[in-house]
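Line by line, the protein sequences are chains A and B.
Quick note: the first sequence, position 101, residue 244 per our numbering, numbers continuous.
Quick note: the second sequence, position 65, residue 75 per our numbering, numbers continuous.
So the structure is just underneath, and the comments pick up after that.
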Amino acid sequence: MNPVTLTLITTFLAATIRMATPIALAGLGETVSERAGISNIGVEAIMLSGAYFSFWAMFQTSSIALGLLAGIAGGVAASMIHAVLSIHHKADQTIAGLALNFLFLGLTSFLFLIQFGKTTTLPSIEIINRVKLPLLHRIPIIGPALFDQDPFVYLLFLCVILLLVLFYKTEWGVILKAVGENPRAADTAGIRVNMVRYGAACINGVLGGLGGAYLSTVKLGFFQENLTSGKGYIALVTVILGRRNPLGGPCSCVGHRFS
Amino acid sequence: MKRSVSNALSLTVVTGIVLGVSLLLIVMVGSSIPSSLSSFIRGIVGSTYSIGEVLVRATPLMLAALGVSVGFRTGFINIGAEGQIYLGAIAITWLGMTFPSLPPVLMISLSLLVGFLAGGLWSVIPGILKAKFGLSEIINTIMLNYIAINLVGILVRTSLKDPSYPYPMSPMLPPSSYFPMLLLPTRLHAGFLLALICAILVYLLMFRTSTGFCMRAVGLNKRASVCSGISVRSHMVLSALLSGGLAGLAGVSEIAGLHHRLIEGISPSYGYLAIVVSLLGKNHPFWIILSSLGIAALQVGSMAMQRSSGVPTSIASIIMGLLVIMILARKQFFGCKEV
Numbered sequence: 144m145n146p147v148t149l150t151l152i153t154t155f156l157a158a159t160i161r162m163a164t165p166i167a168l169a170g171l172g173e174t175v176s177e178r179a180g181i182s183n184i185g186v187e188a189i190m191l192s193g194a195y196f197s198f199w200a201m202f203q204t205s206s207i208a209l210g211l212l213a214g215i216a217g218g219v220a221a222s223m224i225h226a227v228l229s230i231h232h233k234a235d236q237t238i239a240g241l242a243l244n245f246l247f248l249g250l251t252s253f254l255f256l257i258q259f260g261k262t263t264t265l266p267s268i269e270i271i272n273r274v275k276l277p278l279l280h281r282i283p284i285i286g287p288a289l290f291d292q293d294p295f296v297y298l299l300f301l302c303v304i305l306l307l308v309l310f311y312k313t314e315w316g317v318i319l320k321a322v323g324e325n326p327r328a329a330d331t332a333g334i335r336v337n338m339v340r341y342g343a344a345c346i347n348g349v350l351g352g353l354g355g356a357y358l359s360t361v362k363l364g365f366f367q368e369n370l371t372s373g374k375g376y377i378a379l380v381t382v383i384l385g386r387r388n389p390l391g392g393p394c395s396c397v398g399h400r401f402s
Numbered sequence: 011m012k013r014s015v016s017n018a019l020s021l022t023v024v025t026g027i028v029l030g031v032s033l034l035l036i037v038m039v040g041s042s043i044p045s046s047l048s049s050f051i052r053g054i055v056g057s058t059y060s061i062g063e064v065l066v067r068a069t070p071l072m073l074a075a076l077g078v079s080v081g082f083r084t085g086f087i088n089i090g091a092e093g094q095i096y097l098g099a100i101a102i103t104w105l106g107m108t109f110p111s112l113p114p115v116l117m118i119s120l121s122l123l124v125g126f127l128a129g130g131l132w133s134v135i136p137g138i139l140k141a142k143f144g145l146s147e148i149i150n151t152i153m154l155n156y157i158a159i160n161l162v163g164i165l166v167r168t169s170l171k172d173p174s175y176p177y178p179m180s181p182m183l184p185p186s187s188y189f190p191m192l193l194l195p196t197r198l199h200a201g202f203l204l205a206l207i208c209a210i211l212v213y214l215l216m217f218r219t220s221t222g223f224c225m226r227a228v229g230l231n232k233r234a235s236v237c238s239g240i241s242v243r244s245h246m247v248l249s250a251l252l253s254g255g256l257a258g259l260a261g262v263s264e265i266a267g268l269h270h271r272l273i274e275g276i277s278p279s280y281g282y283l284a285i286v287v288s289l290l291g292k293n294h295p296f297w298i299i300l301s302s303l304g305i306a307a308l309q310v311g312s313m314a315m316q317r318s319s320g321v322p323t324s325i326a327s328i329i330m331g332l333l334v335i336m337i338l339a340r341k342q343f344f345g346c347k348e349v
C-alpha cells in the first residue's frame, strides 16, 4: 500500500474511535443498568447533564478535574432521579426516562441561556489535549488510532476491561445478573436488590456523565442547546447490538461510527 | 371518600410545586413575575389568533396521543409516534404529487386512508416483532423514528423535491388536498375536528366494543387473556396498527392543514410530547383532549413569554418533565391509585 492510503486509513480509524467514545461510555453505563433490570431511556438526559455541568464547571474554574467531577455529578443526579422513580416509586421506567429527557433538555438549555445567553460570542473552553502513550503509538495503522488519543479513550479501554472482569470473573457480576433476571430469587438468596439497583444506576450516571462531558470538553469545547442530539438513543441501541456485553457494546459503537 | 381527598391533595401539591419551580425559574432569568405571567396568559387567550394557535398546536398532539394511548392500553409502548407522523406526511405528499387532479372529497378521504395505513404499517413492524418474537418494542420504535426522519430528509432532496427551489422541500400540494379552514384569520383547520372525531371513535372502540375490551384485557394481563381465549398476538398487532395509524393521521393533518408541502422537521418532537399528553390524560380519550389542549397552551404561552419578557421557551420543557416526574412519584407519597 502506498503511504497516502495508509495515512488516510490511520486518520480514519482515529476519527472513528474518537466519535465512538462518548457513545460507548454511555452505552457501558447503560449496560450495567440494564443488567440490573433498569432500562433507562434517559441516557440522553444523563449525557446532556454531564455535558452541561462539566462545561459550566470548566468555564468557571478552568480546572479539568473539577469539570469532570461536575460532569459526573450531573450524570449521577439525572440517573438518580430515574432510579428513585423506578425503584422506590415503582414507576414505569420508560415514561420516567422520557420525562427525564424533557426535563434535562429544558433545564440545560435554560441554565445555559441564563448564564451565557447575553453575550454574542460563543463561550468556549480549552479542550482537553491528547496524550500519547510511549512506544505503543508507533505501531503502524492501529497505533495512532488506539494509543494517540485523549484520556477518555484510555478510560474507555480501562472501563471495558474492568467491566469484563467484573461481569464474568467476580461474584458482583453474578449478583448484578441475578438482580436483573430474577429479582425475587435474588432477594430470597439474601441480596439487597434495591441497593444493587441503585449502585448500577449510579455507575450508569457516572459513565453517562463522562460520555456527555467528552462531547463538551474534548470534542467541541463549547455547549449549545440539545448538544447530544440523539446520541443517548444511539447508546441505547449499541447496548442491544452488543447484547449487554461490555466488549460488544463499544465494538458496535465503533462499527456504527465507522459507517 | 378518603382516596378522593388524598387524590385532590396530591394534585394540589404537585401543581403547587410545579408552579413554584416555574416562578423560581422566571425570577432566575430576572424578569418580573406579573409581566411574565400576564404575557403568558395573553399569549394563550389574548386574541382569536392566539386561541386558534393553541388549537392548531393541540391537533397533532391529540391525534398522536390518542394513538399512543391505544398502544399503552394494550401493553404496546409506542415511542415511535414521531416516525409515524413523518410517514403519514410522506404518504399524503406522495398522493398529492402523483394524483394532483383528484376531486377534493376523494383526495382528502384517500389521503386520510393512505396516511393512516402508512403510519399504521410503520408501527406494525415493531408490533409484529413484539407479538411474534418478543422483541422490545421500545427500542424498535425509537429506531424506526430515526429511519423515518432521515427518510424524509432523503425524499425532500430527491424524488419529492421541488425542482424550482434550491431548498430541500417538496412542491406545494394541489389545493384539493387542503383541509378547510375553520376560523379564518387564524390558522385553525379542520384537522382539529378530525382529532375530536377520532377521540370519540377511540372511546367507542376501546370502551364500548368487545374488541376494545379484549385489547384492554391484553394490556392488563397477558396470561389471563391467553387463558380465556383472547388472541394476544392479533390484538397486539391491531393495537400497533391503530396506534401508528392515528399518529399517521397527525402527519396528514399537519401537511393538509398547515404546511401544504413536505419539509424537514414538520414535527418538533410532537411524537415524544404525545406520550406525555397520553400519560397526563390517563390514556383516556376524553382526558387526552384536555391534556393536549393544556400542553399546547403551555407551549404557545411560553413562546409569548419569550417574546415579551425574555424567559426562554425551554421553561415549557422543564415544566413538562417535572410534571410527569411528580405525577409518577405522587403514587407513593400519597398512596393514591392510578387508572
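Every residue, glycine too, gets a C-beta built ideally from N, C-alpha and C.
- The shortest CA-to-CA distance from A356(A) to any of G342(A), A239(A), V339(A) and K374(A) is the one to K374(A).
- Taken atom to atom, the span from the alpha-carbon of G364(A) to that of Y195(A) is near 11 angstroms.
- In the structure shown, I273(B) adopts extended strand secondary structure according to DSSP, grouped into three states.
- Checking the DSSP bridge columns, you'll see M179(B) partnered with I273(B).
- For S279(B) and I95(B), the gap between their C-alpha atoms comes out near 10 angstroms.
- Contact annotation: I230(A) and N337(A) have beta-carbon atoms nearer than 7 angstroms.
- By DSSP's assignment, F365(A) forms a beta bridge with S267(A).
- Using a CB distance below 9 angstroms, the part of the segment 20-46 of chain B facing chain A consists of L35, M38, V39 and G40, ordered along the chain.
- With respect to G354(A), A169(A) sits close: the two C-beta atoms are nearer than 7 angstroms.
- Straight through space, the alpha carbons of R218(B) and A213(A) are spaced by roughly 54 angstroms.
- Counted as a single uninterrupted DSSP element, the alpha helix (DSSP H) harbouring P326(A) occupies residues P326 to T331.
- Residue-level contact check: F245(A) touches chain B, since one or more beta carbons of chain B fall below 7 angstroms from its beta carbon.
- Only buried fits A167(A), as 16 or more other CB atoms lie within 10 angstroms of its CB.
- Fully enclosed alpha helix (DSSP H) runs of no fewer than 4 residues occupy 285-290, 294-312 and 314-324 of the segment 280-324 of chain A, in order along the chain.
- A direct Cα-to-Cα measurement between I257(A) and G320(B) gives close to 10 angstroms.
- By the Cβ rule, the segment 186-201 of chain A does not count as touching the segment 240-260 of chain B, because fewer than three pairs are nearer than 8 angstroms.
- Boundaries of the alpha helix (DSSP H) around L191(A): V186 to T204.
- DSSP places M191(B) outside any alpha helix (DSSP H), giving it a letter other than H or E.
- Nearest to L149(A) by alpha-carbon distance, out of E368(A), I282(A), S359(A) and H232(A), is I282(A).
- Residues of the segment 363-376 of chain A with a Cβ closer than 8 angstroms to any Cβ of chain B, in chain order: E368, G373 and Y376.
- DSSP, read as helix, strand or coil, puts H245(B) in helix.
- If you draw a 10 Å sphere on the C-beta of R178(A), you find 16 or more other C-beta atoms in it, and that means buried.
- Scanning its chain for C-beta atoms nearer than 7 angstroms, with the 5 sequence neighbours on each side dropped, one finds around Y59(B) the residues P195 and T196, in chain order.
- The contact set of V15(B) on chain A, defined by CB atoms closer than 8 angstroms, is empty, because the minimum CB distance reaches about 21 angstroms.
- Residues of chain B with a Cβ closer than 7 angstroms to the Cβ of V380(A) are, in chain order, I149 and M153.
- In terms of Cα proximity to V322(A), the closest of R340(A), P146(A) and N183(A) is R340(A).
- Note on geometry: alpha-carbon atoms of L299(A) and Q292(A) lie some 11 angstroms from one another.
- In this structure, the alpha-carbon of L97(B) lies about 6 angstroms from that of A128(B).
- DSSP places H225(A) in the helix class (H, G or I) of the three-state scheme.
- At the C-beta level, N183(A) and H225(A) come within 7 angstroms of one another.
- When C-beta distances to chain A are compared with 8 angstroms, the residues of the segment 311-327 of chain B below that value are P322, S324, I325, A326 and S327, in chain order.
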